[in-house]
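Q:
Residue numbers (UniProt numbering): 1 to 259.
1. Do the CB positions of residue 90 and residue 200 come within less than 8 Å of each other?
2. With 16 other CB atoms within 10 Å as the buried threshold, where does residue 216 fall?
3. Out of 137, 207, 14, 94, state which residue places its alpha-carbon closest to the alpha-carbon of residue 108.
4. Taking the alpha carbon of residue 21 as the reference point, which residue from 219, 238, 193, 170 has its own alpha carbon closest?
5. Which complete alpha helix (DSSP H) runs does the UniProt domain "Nudix hydrolase" (67-222) hold, if anything under 4 residues is left out?
6. Can you tell which of 211, 159, 134, 39 has the C-alpha that lies nearest to the C-alpha of residue 230?
7. To the nearest whole angstrom, what separates the beta carbons of residue 72 and residue 126, a pair I think is in contact under 8 Å?
8. For residue 129, which option in 27, 255, 61 has the closest C-alpha, if you only look at C-alpha atoms?
9. Can you have a look at residue 48 and say buried or exposed, based on whether 16 or more other CB atoms are within 10 angstroms of its CB?
10. To which residues of the same chain is residue 68 closer than 7 Å at the C-beta, ignoring the five residues directly before and after it?
11. Report yes if the C-beta distance between residue 181 and residue 153 is below 8 Å; otherwise report no.
12. Should residue 243 and residue 176 be called a contact, given that it needs their Cβ atoms to be closer than 8 Å?
13. Could you tell me the distance, in whole angstroms, from the CA atom of residue 223 to the CA atom of residue 50?
Following this line, the structure appears as structure tokens:
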């Protein structure tokens with residue numbers, strides 16, 4: 001492991017320039033730590049040309065070391081109104097053993113630990129490949145993580161991204177809700193080492209958020225909040241018009257087709 005002192009020694013070899021992004025260290029998977037040279041920086045370090053301020057944060061990277069600039073978070077809605085969620089394995093959450101894991105689904109109690117020790121109930125989503133468009137990224141993640149069949153759907157997208165870890169990670173997160181015309185989805189997929197897929201009513205999602213079982217900030221706050229906005233807009237024409245006229249909400253009829 002590189003110590004703080006070792007990384008500071010590395011910066012002594014780098015010439016500070018306003019706006020310069022310095023790659024400090026890259027982990028074995030997914031993340032890279034960078035130093036961002038800026039006169040507004042909160043930290044100071046000695047660079048090759050003197051002591052200067054900088055910021056330090058992380059970038060997500062793909063297998064080739066390319067910066068992943070954007071990601072998606074999607075709430076899929078089945079034709080009966082249930083929402084598709086996936087059980088991800090999130091090791092950092094496993095360091096907090098007291099977190100609630102008994103979910104209320106379909107009138108039954110489901111212990112998420114049966115799916116793995118680091119289980120987290122979330123909505124589908126992931127990184128957008130630099131070679132694909134935003135909509136293509138949404139649909140790829142939907143198919144990879146839920147196994148939904150070919151069908152027509154109505155896609156609602158939030159125009160502006162959110163920054164889930166605004167102070168610590170350089171990535172935009174785009175939110176969407178897709179109303180599917182079918183009811184079928186896979187119970188298991190092999191994506192990301194294997195995911196279990198579940199369907200919950202909106203009431204169950206809300207209950208599990210309040211019970212602390214859905215504890216991913218992205219799912220419990222960002223994606224759930226956007227779903228509620230879309231659901232309200234579908235009931236309230238004036239609210240729908242307001243969201244669309246402001247450019248906040250984009251709606252598109254789409255076709256989901258497995259490639």
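We put the CB at the ideal spot given by N, CA and C, even for glycine.
Please read these numbers as outputs of a predicted model, since none were measured by experiment.
A: According to the structure data:
1. Here residue 90 refers to the residue found at position 90 of the chain shown. Here residue 200 refers to the residue found at position 200 of the chain shown. Contact flag unset, no.
2. Translated into the one-based positions of the chain shown, residue 216 becomes position 216. By the 16-neighbour rule on beta-carbons within 10 angstroms, residue 216 is buried.
3. As a position in the chain shown, residue 108 is number 108, starting the count at 1. It is 207.
4. Reading the chain shown from its first residue, position 21 is the one you call residue 21. Out of 219, 238, 193, 170, the CA that lies nearest to the CA of residue 21 is found in 170.
5. Fully enclosed alpha helix (DSSP H) runs of 4 or longer: 134-146, 202-210.
6. The residue labelled residue 230 in the question sits at position 230 within the chain shown. For residue 230, the nearest C-alpha among the options comes from 159.
7. As a first step, residue 72 is located in the chain shown; it is residue number 72 there, counting from the start. As a first step, residue 126 is located in the chain shown; it is residue number 126 there, counting from the start. The C-beta distance from residue 72 to residue 126 rounds to 6 Å, short enough to fall under 8 Å.
8. One-based indexing of the chain shown puts residue 129 at position 129. Looking only at 27, 255, 61, the smallest Cα-Cα distance to residue 129 is reached by 61.
9. The sequence position of residue 48 within the chain shown is 48, counting from 1. Taking all protein chains shown into account, residue 48 has fewer than 16 neighbouring C-beta atoms within 10 Å of its C-beta and is therefore exposed.
10. In the chain shown, the residue the question calls residue 68 occupies position 68. The answer, listed in chain order, is 60, 61, 62, 127, 171.
11. The count along the chain shown starts at 1 and reaches residue 181 at position 181. The count along the chain shown starts at 1 and reaches residue 153 at position 153. Residue 181 is a Cβ neighbour of residue 153, given a cutoff of 8 Å.
12. One-based indexing of the chain shown puts residue 243 at position 243. One-based indexing of the chain shown puts residue 176 at position 176. Cβ distance not < 8 Å, so residue 243 and residue 176 don't count as in contact.
13. The sequence position of residue 223 within the chain shown is 223, counting from 1. The sequence position of residue 50 within the chain shown is 50, counting from 1. Looking at the two C-alpha atoms, the distance is approximately 44 Å.
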